[in-house]
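What follows is a single structure, written as structure tokens, with notes after it.
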Amino acid sequence: MAGHGKRSPGRSGLPDGIARFPKPPRNTFYYARKEGLVIFEGEMQLQGQGGISLLNKVLDVAQDLKTTRIYTGAAFPFPISHKEPSEVYGAVNKEPLRDTLKKQGLKLMEGGHISGLNGLMLGFAEKRNIEGICLLATMPQYAKEDTRIYHGEDRKALFRGQTG
Numbered sequence: 002m003a004g005h006g007k008r009s010p011g012r013s014g015l016p017d018g019i020a021r022f023p024k025p026p027r028n029t030f031y032y033a034r035k036e037g038l039v040i041f042e043g044e045m046q047l048q049g050q051g052g053i054s055l056l057n058k059v060l061d062v063a064q065d066l067k068t069t070r071i072y073t074g075a076a077f078p079f080p081i082s083h084k085e086p087s088e089v090y091g092a093v094n095k096e097p098l099r100d101t102l103k104k105q106g107l108k109l110m111e112g113g114h115i116s117g118l119n120g121l122m123l124g125f126a127e128k129r130n131i132e133g134i135c136l137l138a139t140m141p142q143y144a145k146e147d148t149r150i151y152h153g154e155d156r157k158a159l160f161r162g163q164t165g
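Here it is in structure tokens:
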């Protein structure tokens, strides 16, 4: 499984009837020094110990760069139509950050859970004394199960949520 590191692929592809491992997911850091902005983008939610290891490496980089706040972005499956605009909800790891979200006109996610690394990032960042905000853009619940359905409004809404 060269190229997959600690992650075992969950399936093989069958292009032309020949079984092949998929390409490993790409994880990329972007850094704008002048703005003091670091963006980390992962193509896949890693599970288990591999995901925790990746999460800790991201936080190591954040600490090396003296980061004081981390934002994560996620889709929030919601009972809406694909024709409806996305709304942005937020969750935080420190109480004073709730006011930050409210000032931006964002709704607080006051129940349920945030799955995957987006949710875990808030807890792990808090242990390292880094503020954490997770922005969650609503998307049609039915689109969650069907990857052929693209709902770009959720991504646009996340950026509107971050920039006000």
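Going letter by letter, the sequence shown gives residues 2 to 165 in my numbering.
For each residue, glycine too, the CB sits at the ideal point set by N, CA and C.
- Apart from sequence neighbours up to five positions away, the residues of its chain that approach G14 with a beta-carbon distance below 8 Å are A20, R21, F22 and P23, ordered along the chain.
- Straight through space, the alpha carbons of C135 and K104 are spaced by roughly 15 Å.
- Relative to the Cα of T29, the nearest Cα in the group K67, G133 and M45 belongs to M45.
- P141 sits buried, since 16 or more C-beta atoms from the chains shown fall within 10 Å of its C-beta.
- Taking G49 as reference, the option from K84, E132 and L121 with the minimal CA-CA separation is L121.
- Between P78 and E85, the alpha-carbon positions lie close to 13 Å from each other.
- The alpha-carbon of G113 is positioned some 17 Å away from that of E88.
- Taking each of A75, E42, I71 and L109 in turn and checking the Cα distance to G124, the smallest one comes out for I71.
- The segment 51-113 is shown to contain whole alpha helix (DSSP H) runs of 4 or more residues at 98-104, in chain order.
- The beta carbon of R129 is closer than 7 Å to those of L60 and Q64 in its chain, skipping five residues each way along the sequence.
- Y90 counts as buried, since no fewer than 16 other beta carbons sit within 10 angstroms of its beta carbon.
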